[in-house]
Amino acid sequence: MAIDVRYPDGSIRSVPSELRHIDPAKTGALARFHHCPVNSDPRWRFWSDGLIWHARPRHGALSILIPPLDDWWQGIAAMADAPALADRSEQEARPPRAA
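Its first residue numbered 1, the sequence shown is counted upward by one per residue in my numbering.
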């Protein structure tokens, strides 16, 4: 879905949008959803004057608030870059197999 947004140079561009849920008990609005732009552009913020959406330059930067996670395979010994020491000692203790 896209919505038209007016930029500071006077141009109108279509940007990705979403339907946001509105709680009628808190806002008194009759509609249950509000059509608004996805606020994920690192250069622009979007605001509405009630009739049309406007873009204005964003100051600062977007930050990811989720802490970085370790790679999912790091906890699996069989997928480690180097074999585990316990596995290596078990292999040395076994007699070689006949082919």
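For every residue, glycine included, the Cβ atom is placed at its ideal position computed from N, Cα and C.
Query                                                                                                     : Result
P37, buried or exposed, once every other Cβ within 10 Å from all chains shown has been counted against 16 : buried
Where P16 sits in the DSSP three-state scheme                                                             : strand
Beta-carbon proximity list for E18, same chain, < 6 Å, skipping 5 on both sides                           : V38
8 Å Cβ cutoff, V15 in contact with chain D                                                                : In the structure shown, chain D cannot be found, because there is only a single protein chain.
Straight-line gap, F46 to A77 (C-alpha atoms, nearest Å)                                                  : 48 Å
For P24, three-class secondary structure by DSSP                                                          : helix
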